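Each remark here refers to the structure printed beneath this line.
In the numbering used here, the protein residues as written are 1 to 196.
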């Protein structure tokens, strides 16, 4: 919020004490935004590591933020305009210079083609790209264990993010998908007369 609006925000009297190691999660969250929507230069191994990192972060944050989320204490946060961070990485600046590209011309959010946006715009703009990137990955890895494991992580991330956005009550699973698959496999392996 401070970065988006230029105003300092102090949240006082938090009812719970966050562990200091949670501060280290922020850089990981920003890095994942660049990987998960998909990119032609990112290979499947990097994508898998990004998904596993996303899963770990969402799993760690869920119980803490459901109990008390500091972002809920800031009025109007959903309407805050978040400017894109400028390019500052020396190697990226060097590559842009070699190609004759002004770094200011590429600052922005590529998924929505805007230099600044609200959180909702970023969420909606990334959703389709992230889904398409996962479907492309799943199509290439549907017959190996790493692909299956990554798909399960993606499912769990979705549940964790839904819980963080809408509350734990929003996540309703009628059955365990893994357990249901085992039931189907057992039924398929039965002799024809015993299948129900």
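Backbone N, C-alpha and C define an ideal beta-carbon position, used for all residues, glycine too. Only a predicted model underlies this, so the values are computations on that prediction, with no experimental measurement involved.
Under three-state DSSP, which class holds residue 101?
As a first step, residue 101 must be located in the chain shown, where it is residue number 101. Coil.
Cβ-Cβ separation, residue 103 to residue 87 (assumed contact under 8 Å), whole Å:
Locating residue 87 in the chain shown gives position 87, where the first residue counts as 1. Locating residue 103 in the chain shown gives position 103, where the first residue counts as 1. Their Cβ separation, rounded to whole angstroms, is 4 Å, which keeps residue 87 and residue 103 in contact under 8 Å.
Have a look at residue 92 and residue 138 and give me their C-alpha separation to the nearest angstrom.
On the chain shown, position 92 is the one that residue 92 refers to. On the chain shown, position 138 is the one that residue 138 refers to. Their Cα atoms are separated by approximately 30 Å.
Residue range of the unbroken alpha helix (DSSP H) whose run includes residue 57:
Taking the chain shown and counting its residues from 1, one reaches residue 57 at position 57. Element bounds for residue 57: 44-67.
Short of 8 Å in beta carbon distance, which residues of its chain neighbour residue 107, apart from the five on each side in sequence? Order them along the chain.
Here residue 107 refers to the residue found at position 107 when the chain shown is read from its first residue. Within the same chain, residue 107 has close Cβ partners 84, 85, 86, 87 and 115.
Between which two residues does the alpha helix (DSSP H) carrying residue 157 extend?
Numbered from its first residue, the chain shown carries residue 157 at position 157. From DSSP, the alpha helix (DSSP H) with residue 157 extends over 145-166.
Assuming residue 62 and residue 164 are in contact, meaning their beta carbons sit under 8 Å apart, how far apart are those beta carbons, in whole angstroms?
As a working mapping, residue 62 is identified with position 62 in the chain shown. As a working mapping, residue 164 is identified with position 164 in the chain shown. Indeed, because the Cβ distance is near 6 Å, the residues count as touching under 8 Å.
Measure the C-alpha to C-alpha separation of residue 120 and residue 57 and round it to an integer number of angstroms.
Numbered from 1 along the chain shown, position 120 holds the residue referred to as residue 120. Numbered from 1 along the chain shown, position 57 holds the residue referred to as residue 57. Residue 120 and residue 57: Cα-Cα distance of roughly 21 Å.
Contact check, residue 118 vs residue 79, beta carbons under 8 Å
Walking along the chain shown from the start, residue 118 turns up at place 118. Walking along the chain shown from the start, residue 79 turns up at place 79. Result yes, Cβ atoms of residue 118 and residue 79 sit closer than 8 Å.
Return the Cβ separation of residue 75 and residue 140 in integer angstroms, given the expectation that the two are a contact with Cβ distance under 8 Å.
By one-based count along the chain shown, residue 75 stands at place 75. By one-based count along the chain shown, residue 140 stands at place 140. Not confirmed; about 45 Å, so no contact.
May I ask you to report which of helix, strand or coil DSSP gives residue 80?
Position 80 of the chain shown, counted from the first residue, corresponds to residue 80. Three-state result, residue 80: coil.
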